[in-house]
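Visitor: Chains as they are written, first to last, in the UniProt record's numbering: chain A, 1 to 189; chain B, 1 to 310; chain C, 1 to 100.
Here's a structure for you.
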Amino acid sequence: MSDLITGLVFWVLGVLAVVSGALVFRFDSMARATYALAVSFIAVGAALLLLQLDYVGLVTVLMMVMEMAVMAIYMIMFMGMNPALMPMSMVHSRRTALGISAGVFLVLAAGIVTVPWPQRRAAPAADLTASLGETIMGSKMLVMMGISPVLFATVVAAVVLAAPRTRYDRFGDDLRSAPSDPHHGGVGR
Amino acid sequence: MDVVGVSWVWAPAAVLLLMGVAAAGAAFSGALSAGATGQRPVAGLLAPAYEAARLMRQRRRVLLGADRPLWRGGGGTLLVAAVLMVGVVPLGNWTLADLGVGVVWVNAVDVLVWAAAWLLGWGANSAHALVGAHRYLAQALSYELPLMFALVAPAVAAGSLRVGDIVAAQSQLWFVVWMPASFALFCACVLAFSLWGPFSTGSGPDLAGGVLAELSGVDRLLVLAGRWALLAAGSAVAVALFLGGGAGPLLPAWAWSLLKTLLVMAALVVLARRLPLLRPDRLAEVGWLVGLPVALAQLLVVSLVVLGRS
Amino acid sequence: MTLEAVLLIAAALFSIGLYGALSQQVVVMVMMGLELMLNGVILAAGGLWWFLSPSPSGHLLLLVVVAAMTVDMAMGFAVAVLQHRTRGSDMTDSATELSQ
């Protein structure tokens, strides 16, 4: 693909990501806000594909669409009222927040435009996904070995925090009774 | 046999072919339905076409307060997802986009169906549709991990995430022979992500149609066509990943790809009509306590074989 | 497509997310702001990686950011569920006892 088309596609994706990101905080409907964020993530994932980050780009899309689909349920579950029916402000210190974020953007943009960016130091590998895999399983294995217990601890901690019933509620004080669940599971327990 | 990428000019042809396969599946199902009610099966072949014509003429009705952009966006996404999925699947030796991460692409596209199914139910502003949407989402949480690990097995065996490499790696032995559990799980998940058969509780008759309850006219046609297209695209992926792609005697490679896809789809249609509906709340335990360990055990076997070979 | 363009888009995403995280009252909306900030971080990291030093180690760093996002979301949802169950509220303003 020529540079011109790539640049054009990137700008379309970038503007789409920013506009849908801004719409997240403009929509009254929780479902629309959540899916606007999903669109923003899909646009960034596609932009990463343009940067040859195939694996990371697709994983971002995969994870974030999944997450937003679940997030929409949470939004509707937790919002006691429906802002679409009853417009109300759900923000605090709006002007301060606007000021801070506009200031941050200006500082960042000034830095981006004025810093003399260096030239690229190394050529990319021929097969980037394969080189990523070899790095994970080779010299940088410790990074992923470190992340996996963190993720496992997250799973355990999140379930402990969120689950309303403990195993004593399910199996009785001696942990030997038949499980008392509101619905029986599919494998005959 | 090497898979070569063809120009994007062929994309419309691929879409037409996908729709053709989807229509063949719908016609086959129509014939089975006619046969089951004592009519001549041939009479049922055209039933989907009549239904499509009727829906195209039907006036769309929309409930008050429906979220039209989300609703219609969800309906259209099903068809778009099917087209995107088939973009990385080779037809014989030709493929539209032989991505280096084709398997991840298939997985990312199937997740779009989660969102689409939920949006379909939410946008309609109807209680039945919303219950259906939640059922589909709950079910998706049960089948997604077995599906991911079923997809990983052929990638590990071929040592590549590229669908073309996976097809090439099956020149000696089709993967279905030594990873049958992954194949079976994947086929079940194809039914699940096309919202079909035992996995169609979200649009079941007990909910007066669930997410389909409020759809009418072209909207309904788009969703029904999207489900058939997803079934066709999923069958095509199964052929490329497990059944050797275009490999076969006498006929050219593209014909074998097509023939195998049609056969897999026909088998899934017959199977889906015979299986009972699976309740999503029960499916959760089945997916996590049976499906996931089976997929992992199969992956372990595949990994050990690959290690032993190298 | 230049490095500056990628970074500008990323900075815009980050700032919008920052606005949301600072101003929203509902916990889940605050988390959406945080997600948007991380979205900008991923894009910026991807741009820096491709234009300055496309080495496998940098690629790995992006995966670490993605993993951080999952941890953030999982714990955020868990705390939101807990807060909703114990006091029937989903507002950040009602979870201030740690500041006293």
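All residues carry an ideal CB built from backbone N, CA and C; glycine is no exception.
Quick caveat, the model's predicted, so the values are computed rather than measured.
(1) With 8 Å set as the bound, which would you pick, yes or no: does the beta-carbon of residue 215 of chain A sit closer than that to a beta-carbon of chain B?
(2) Rounded to the nearest angstrom, what separates C:F51 and A:Q119 at their Cα positions?
(3) Spatial neighbours of A:L132 within its chain, please: C-beta separation below 7 Å, excluding the five flanking residues on both sides.
(4) Using a Cβ cut-off of 9 Å, pull out every chain B residue sitting near A:L185, in sequence order please.
(5) By the 10 Å Cβ neighbour count, where 16 or more other Cβ atoms means buried, how is A:R94 classified, buried or exposed?
(6) Quick one: which chain B residues come within Cβ less than 7 Å of A:L58?
(7) Using DSSP with H/G/I as helix, E/B as strand and the rest coil, what is A:P83?
(8) In the DSSP output, which residue or residues are listed as bridge partners for B:L91?
(9) Could you tell me whether the segment 81-99 of chain B touches the segment 63-73 of chain B, using the rule of 3 or more Cβ pairs below 8 Å?
(10) Once the 5 residues before and after C:L38 are set aside, which same chain residues still bring their CB inside 8 Å of it?
(11) Per the DSSP calculation, C:Q24 is bridged to which residue(s)?
(12) Report the CB separation of B:A47 from B:A34 in whole angstroms; it is logged as a contact under 8 Å.
(13) By a C-beta neighbour count over all protein chains shown, 10 Å radius and 16 as the cutoff for buried, is A:F152 buried or exposed?
(14) How far does the alpha helix (DSSP H) with A:K140 in it reach, from first residue to last?
(15) Counting contacts by CB-CB distance shorter than 8 Å, is C:V64 in contact with chain A?
(16) Bridge partners of B:G5, per DSSP?
(17) Applying the 10 Å Cβ sphere with the 16-neighbour rule, what's the burial state of B:Y143?
(18) Who are the near neighbours of B:G234 in its chain, counting only those whose CB is closer than 7 Å to its CB and skipping five residues on each side?
(19) Mapping DSSP to helix, strand and coil, what is B:L215?
(20) Whole angstroms is fine: what's the gap from B:G226's alpha carbon to B:A82's?
(21) Whose Cβ in chain A lies nearer than 9 Å to the Cβ of B:A115?
(22) Counting contacts by CB-CB distance shorter than 8 Å, is C:V81 in contact with chain A?
(23) The alpha helix (DSSP H) with B:F28 in it runs from where to where?
(24) Taking only beta-carbon positions, decide if B:D206 is within less than 8 Å of chain A.
Guide: Considering the structure as presented:
(1) Because chain A is modelled from 1 through 189, residue 215 of chain A falls outside the range shown and cannot be assessed.
(2) Answer to the nearest angstrom: the Cα atoms are 8 Å apart.
(3) Y55
(4) According to the sequence as given, residue 185 of chain A is Gly; it is not Leu. Those within 9 Å of A:G185 in chain B are D281, R282, A284, E285, V286, L289.
(5) With fewer than 16 other Cβ atoms within 10 Å, it is exposed.
(6) V101, V104, W105, A108
(7) Model confidence at A:P83 stands at a pLDDT of 49, short of 50, so the residue's coordinates are unreliable and nothing is read from them.
(8) B:W94
(9) no
(10) G17, V65, A68, M69, D72
(11) A:V91
(12) 7 Å
(13) Burial call: exposed.
(14) A:K140 -> no alpha helix (DSSP H), and no H or E assigned at all.
(15) yes
(16) Paired residues: B:T95.
(17) buried
(18) V190, F193, S194
(19) coil
(20) 7 Å
(21) Ordered by position in chain A, the residues that pass the 9 Å Cβ test against B:A115 are Y35, A38, V65, M66, M68, A69, A72.
(22) yes
(23) 11-36
(24) no
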